[in-house]
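Numbering (our numbering), first residue to last: 3 to 247. Positions of the beta carbon are idealized from the N, C-alpha and C atoms, including for glycine. All values reported here derive from a predicted model rather than from experimental measurement.
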């Protein structure tokens with residue numbers, strides 16, 4: 003059977019997952035595209051349902067739901083839909099200290115930056131990410147920008163004070179334009195890199211806990227870097243010895 007009506011309960015609920023309210027009420031988020039769906043299924047995350055367009059010809063689980071091409075375009079968040087999406091259970095995690103070096107995202111507000119930071123964190127080996135007052139990392143734009151990194155990192159969303167308490171005893175290094183040169187800084191084996199809001203930077207609460215402030219040097223005519231780009235440079239700079247061995 004091919005679903006064609008947007009009034010179908012499954013379709014209505016799936017449409018709601020594009021919004022934070024719907025994700026919060028259902029505990030689900032959307033993963034779209036053939037490659038992302040395949041990697042999600044392999045990652046061990048709990049896929050609650052797979053939905054595919056009528057014209058999709060890729061491999062599907064037996065319980066996948068087929069919808070008309072027009073209805074899939076309504077469900078899709080892509081400009082050029084690939085015809086497959088997954089409804090995935092949002093992991094529920096209790097705050098715990100990191101097992102290695104981690105990220106503290108302090109007010110990151112742009113979904114594209116959030117996803118890009120998650121993507122780089124996964125690549126650079128920062129497995130745990132602590133999110134204080136940030137944009138929803140489970141939004142379609144953030145998930146898409148993470149390029150599967152969101153499947154292989156652990157996200158902890160909590161109030162800033164609780165995160166800082168969880169990181170007690172772990173040095174926090176704040177990315178800041180007024181800090182010392184990150185390329186001449188030697189970090190310990192375990193640390194937390196704090197990345198702030200795109201416009202306002204790092205909060206006073208996190209600055210108060212920072213063991214050091216670190217800057218990425220740049221030419222004087224360049225005022226700043228994109229938050230995700232700066233975070234990526236900082237992540238690799240602080241682990242440069244690991245990557246040169």
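Can you tell me whether residue i is helix, strand or coil according to DSSP?
| i | result |
| --- | --- |
| residue 205 | coil |
| residue 167 | helix |
| residue 57 | coil |
| residue 110 | coil |
| residue 2 | Nothing about residue 2 can be reported from this structure: the residues present for the chain run from 3 to 247 only. |
| residue 43 | helix |
| residue 95 | coil |
Spell out the partners DSSP gives residue i in its beta bridges.
| i | result |
| --- | --- |
| residue 49 | 90 |
| residue 104 | 194 |
| residue 25 | In DSSP, residue 25 forms no bridge with anything. |
| residue 131 | 105 and 157 |
| residue 5 | 69 |
| residue 231 | Residue 231 is not bridged to any residue. |
So, is residue i buried or exposed, given that buried needs 16 or more other C-beta atoms within 10 angstroms?
| i | result |
| --- | --- |
| residue 183 | exposed |
| residue 223 | exposed |
Where residue i and residue j are concerned, what is the direct C-alpha to C-alpha distance, given to the nearest angstrom?
| i | j | result |
| --- | --- | --- |
| residue 145 | residue 26 | 16 Å |
| residue 100 | residue 191 | 12 Å |
| residue 69 | residue 132 | 37 Å |
| residue 167 | residue 35 | 38 Å |
| residue 51 | residue 148 | 21 Å |
| residue 199 | residue 87 | 31 Å |
| residue 43 | residue 32 | 13 Å |
| residue 135 | residue 227 | 21 Å |
| residue 207 | residue 162 | 8 Å |
| residue 169 | residue 105 | 11 Å |
| residue 171 | residue 24 | 37 Å |
| residue 82 | residue 111 | 26 Å |
| residue 195 | residue 37 | 30 Å |
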